[in-house]
Every structure is written in C-alpha cells, then in structure tokens.
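Note that my numbering has the sequence shown beginning at 6, numbered continuously upward.
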Amino acid sequence: MKYICILVLLFQQVKTDDLRYDSCAYYMVSKGLGLPEFSERRVLNDVTVYHHDSSLDSKMPCPDWINTTAGKEHWKIIYHWTDYNKYVGTLGLQSATEQFNQTGSLTDGNIYQAFGCCSLYPNGTYRTLLAHAFNGKDFASFDFQTKTFVAAVPQAVLYKTLREKDPANMEEIATLYKKTCLERLQILKEAPRVNIKKVPEVRIIEKKKKKAGSVTVTCHVTGFYPREVQVFWLVSDLQPVDEEVTEILPNGDGTYQTRKSVIVPEEDVGKHTYSCVVLHISVPNNITTVWGEEKRSKIGVFVVLACVFLLIIVFVFWKCCRSAGKQIKMNLDTEQL
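Following this line, the structure appears as structure tokens:
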C-alpha cells in the first residue's frame with residue numbers, strides 16, 4: 006500500500022491539472038430544426054452565470070450570489086456580448102450553409118455552435134480555447150498567439166476572411182480570453198455558489214462472465230461536485246490497467262457520477278490486487294479502494310469464522326459427551342448399590 010500511495014502522489018501531480026476552474030461560454034444559432042434561432046449560456050464550474058435564448062422576452066438578470074462590485078461589472082460584460090455573439094454566429098451559419106451547399110429546401114436544417122473557455126489550473130497554468138462547429142463537426146478555431154482564425158475545413162476560409170477584416174475585433178477577442186476571463190475567474194471563484202465541493206462516494210461492483218471466463222470489476226464514483234474528476238485503475242505491480250473510456254454524467258441533485266471498469270481473467274482472480282484511485286478537488290489526496298485485497302480479506306474472515314464455528318461444535322460435542330459419561334457412571338454406581 007505504501008508504494009501505491011507513492012505512485013498516486015506522483016500521478017496526482019499530472020492528473021490534478023484537470024481539476025480546474027473554468028469560465029465557459031456556449032452559443033448556438035440554428036435554422037429549420039425547431040430550436041431557438043439563438044441561445045447562449047455562460048457557466049463558471051458548471052454553475053450558470055448567464056443564459057438567454059431568442060424565445061425569451063428578456064435576458065437573464067444578474068444572479069444574487071454575484072454580490073461584489075467587481076463581480077457585477079464582469080457580469081455586465083457578459084450581458085453586453087450577447088448581441089455581438091448572435092451577429093457573428095448568424096454570420097457563421099450563413100457562410101457555412103452557403104459553402105457546404107446546404108441552402109436547398111431538403112437540407113435547410115443547420116446548426117452553428119461556438120464554445121469558448123478559459124481555465125485556471127491549481128499549478129497556476131492558464132489556458133484558453135475558442136472553437137466553432139457546423140452541424141456537429143469542426144469548422145474553425147481562434148489562435149490566441151497570432152490573433153487569427155484557423156479554418157478546420159476549406160469551407161471555413163470565407164468565414165475566417167470575413168472575421169479578420171476587423172483587426173480591432175481580433176485584438177478584443179484575445180484580450181477578452183487572455184485577460185478579462187482570467188480576472189473573472191479570480192473574482193468569482195470564491196463565490197459561495199461556485200465554491201461548493203462534494204466528496205465522491207466510491208463503490209466496487211463485480212460481475213462474472215460465465216462464457217468468457219473473466220470478471221468485470223467496475224469502480225462506480227458518484228455524488229461529487231465539481232464535475233472534473235480522475236478515476237483510474239492500478240494493478241498490484243503498480244502498473245496502470247487498460248480501462249474503458251466512460252462519460253461523466255449528471256445526477257438529479259446537481260452532482261455527477263462516472264464509472265471505470267477493468268476485465269480480470271478468471272485465473273488472475275485472487276492473485277493480484279486492483280486499486281481504483283479517485284482524484285477530486287474535494288479531497289486533499291485521493292480515495293483508493295482495493296478490490297483484490299478486499300476479496301482476500303473476506304475469504305480470510307470466512308476461514309476464521311468457519312474455524313471458530315468448528316471449535317464451538319467440538320466444544321459442545323465434548324461437553325455433551327462428558328455430561329453423558331458422568332450420567333452413565335452415576336447410573337452404574339446406583340445399580341451397584
């Protein structure tokens with residue numbers, strides 16, 4: 006166990022980089038799909054800061070938990086960017102629809118999406134991302150070093166050209182993500198609503214496959230918040246185990262759940278221990294649950310209990326025999342008298 010802890014500490018230096026604070030924006034422009042023509046959502050660590058879509062009469066008011074002057078000023082910036090995002094999203098939809106020849110009546114159902122995010126990691130690293138998609142596929146992204154758009158497909162070159170006609174806007178986008186977004190994270194990450202943490206609950210589930218001759222061992226992790234979590238398996242020789250890729254899914258109470266499974270050959274059951282290690286920002290180190298060790302300990306407990314039970318039976322039998330012997334001797338002495 007000591008060596009597992011050492012490995013986890015080393016592994017954690019890399020993995021906890023994914024336990025971060027995120028400020029992200031999502032906006033969507035659609036046509037012919039029965040969706041709002043425009044919608045936008047801003048979140049800070051999965052907490053909705055701002056939401057608006059074209060079916061609403063008004064924009065979302067500032068949340069009550071944003072109660073500082075600086076926080077309210079940053080929220081106003083978010084509020085006023087909505088109209089511009091609708092403009093460039095509509096421009097992207099029109100450009101992509103024309104370039105992909107999707108203007109006919111039979112194909113007049115398209116969607117243009119954008120995702121922008123700035124992330125602050127525990128080690129001080131700061132990263133930014135701005136990407137666009139058309140009908141679910143990569144379309145364009147923003148290069149923060151060159152302050153230009155990068156076309157993911159030839160059909161996106163026209164959109165890139167149209168956007169870069171305004172160099173001042175390119176500079177504004179770079180500043181928004183490289184400076185303003187970081188300031189927003191620093192201010193809002195201490196807000197009570199955002200800073201909630203819930204510790205994961207970990208449970209090991211095993212299922213034996215009759216035909217395959219193997220055991221599927223699943224580490225089920227649930228009830229945690231924020232969303233970011235790392236779950237991985239280690240075998241007894243401290244080697245990472247190949248595992249399936251799984252999603253992080255929402256629970257109904259605002260927390261999240263996920264699971265990771267490994268397949269253990271039947272001949273290896275009992276020979277090795279398998280450790281499920283969970284890293285989450287709500288716990289200082291990690292949560293480690295061992296499957297093989299638990300299995301052997303259960304067998305050991307069963308053996309001990311069986312031995313104790315056997316000893317009890319032998320003792321009771323001995324007592325009965327001893328009492329019967331005494332009774333027989335008393336009867337014989339009575340007859341002799």
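Beta carbons: idealized from backbone N, C-alpha and C, even for Gly.
Just to confirm, are R168 and F149 a CB contact at a threshold of 8 Å?
-> As a working mapping, residue 168 is identified with position 163 in the sequence shown. As a working mapping, residue 149 is identified with position 144 in the sequence shown. It is not a contact, given that the beta carbons lie outside the stated cut-off.
Have a look at R208 and A179 and give me their C-alpha separation to the nearest angstrom.
-> Taking the sequence shown and counting its residues from 1, one reaches residue 208 at position 203. Taking the sequence shown and counting its residues from 1, one reaches residue 179 at position 174. C-alpha separation (whole angstroms): 44 Å.
Could you give the DSSP three-state label for V308: helix, strand or coil?
-> By one-based count along the sequence shown, residue 308 stands at place 303. At V308 the pLDDT is 43, less than 50, meaning the model places this residue with poor confidence and gives no usable figure here.
G218 burial status per 10 Å Cβ neighbour count (16 or more: buried) | By one-based count along the sequence shown, residue 218 stands at place 213. The residue in question, G218, is exposed, as its Cβ has fewer than 16 Cβ neighbours within 10 Å.
Taking the Cβ atom as the reference point for each residue, do G94 and V158 lie within a distance shorter than 8 Å?
-> As a working mapping, residue 94 is identified with position 89 in the sequence shown. As a working mapping, residue 158 is identified with position 153 in the sequence shown. Contact: no.
For K265, is the classification buried or exposed, using 16 other Cβ atoms within 10 angstroms of its Cβ as the cut-off for buried?
-> If you number the sequence shown from 1, residue 265 lands on position 260. The residue in question, K265, is buried, as its Cβ has 16 or more Cβ neighbours within 10 Å.
Member of H277, H225, V246, G275 whose CA lies at the smallest distance from the CA of L252 | Translated into the one-based positions of the sequence shown, residue 252 becomes position 247. Checking the sequence, you will find Glu at residue 252 rather than Leu. Measuring from the Cα of E252, the nearest candidate turns out to be H225.
Do A101 and F144 have their C-beta atoms within less than 8 Å of each other?
-> Taking the first residue of the sequence shown as position 1, residue 101 is located at position 96. Taking the first residue of the sequence shown as position 1, residue 144 is located at position 139. Yes, they are a contact pair.
Candidates N90, T260, K77, L38: which alpha carbon is nearest L190's?
-> On the sequence shown, residue 190 is found 185 positions in, with the first residue counted as 1. Closest option to L190, Cα to Cα, is K77.
Contacting residues, own chain, Cβ-Cβ under 7 Å from N90 (five flanking each side not counted) | Walking along the sequence shown from the start, residue 90 turns up at place 85. If we look at N90 and ignore the five residues flanking it on each side, its Cβ neighbours are Y32, E45.
Member of N72, I210, K64, L40 whose CA lies at the smallest distance from the CA of P197 = If you number the sequence shown from 1, residue 197 lands on position 192. For the residues N72, I210, K64, L40, the minimum Cα distance to P197 belongs to N72.
Assigned secondary structure, C122 (DSSP; H/G/I helix, E/B strand, else coil) | Counting from one through the sequence shown, the residue named residue 122 turns up at place 117. Note: C122 maps to strand in three-state DSSP.
Within 10 angstroms of the Cβ of W70, are there 16 or more other Cβ atoms? Answer buried if so, exposed if not.
-> Taking the sequence shown and counting its residues from 1, one reaches residue 70 at position 65. Its Cβ having fewer than 16 others within 10 Å, W70 is exposed.
Where the beta strand (DSSP E) containing H85 begins and where it ends = For the purposes of this step, residue 85 is identified with residue 80 of the sequence shown, where counting begins at 1. No beta strand (DSSP E) contains H85, which is instead part of the alpha helix (DSSP H) from 74–104.
How long is the line joining the alpha carbons of G97 and N106, rounded to whole angstroms?
-> Here residue 97 refers to the residue found at position 92 when the sequence shown is read from its first residue. Here residue 106 refers to the residue found at position 101 when the sequence shown is read from its first residue. In a straight line, the C-alpha of G97 is about 14 Å away from that of N106.
In this structure, does DSSP put K203 in helix, strand or coil?
-> Counting from one through the sequence shown, the residue named residue 203 turns up at place 198. If DSSP states are grouped into helix, strand and coil, K203 belongs with the strands.
Mind checking which residues open and close the alpha helix (DSSP H) that includes K165?
-> Numbered from its first residue, the sequence shown carries residue 165 at position 160. Per DSSP, K165 belongs to the alpha helix (DSSP H) from 162–168.
Burial state of A173, where buried means 16 or more other Cβ atoms lie within 10 Å | Your numbering for residue 173 matches position 168 in the sequence shown. With fewer than 16 Cβ atoms within 10 Å of its Cβ, A173 is classed as exposed.
Thinking C-alpha only, which one of S241, G257, V48, P231 is nearest Y84?
-> To locate residue 84, count along the sequence shown from 1; it is residue 79. For the residues S241, G257, V48, P231, the minimum Cα distance to Y84 belongs to V48.
Could you have a look at T223 and say whether DSSP puts it in helix, strand or coil?
-> By 1-based counting over the sequence shown, the position of residue 223 is 218. Three-state DSSP puts T223 in a strand.
Express the C-alpha separation of Y117 and R132 in angstroms, rounding to a whole number.
-> Translated into the one-based positions of the sequence shown, residue 132 becomes position 127. Translated into the one-based positions of the sequence shown, residue 117 becomes position 112. Taking the straight line joining both Cα atoms gives about 24 Å.
Can you tell me where the beta strand (DSSP E) with P270 in it begins and where it stops?
-> Reading the sequence shown from its first residue, position 265 is the one you call residue 270. Taken as a continuous stretch (DSSP letters only), the beta strand (DSSP E) holding P270 covers 261–270.
Going straight from the alpha carbon of T21 to that of G37, what length do you get?
-> Stepping through the sequence shown from its first residue, residue 21 is reached at position 16. Stepping through the sequence shown from its first residue, residue 37 is reached at position 32. Confidence is the limiting factor: at T21 the pLDDT is only 43, short of 50, which leaves the residue's position unreliable and the question unanswerable from this model.
DSSP three-state call for I209: helix, strand or coil?
-> One-based indexing of the sequence shown puts residue 209 at position 204. Reduced to three states, the DSSP call for I209 is strand.
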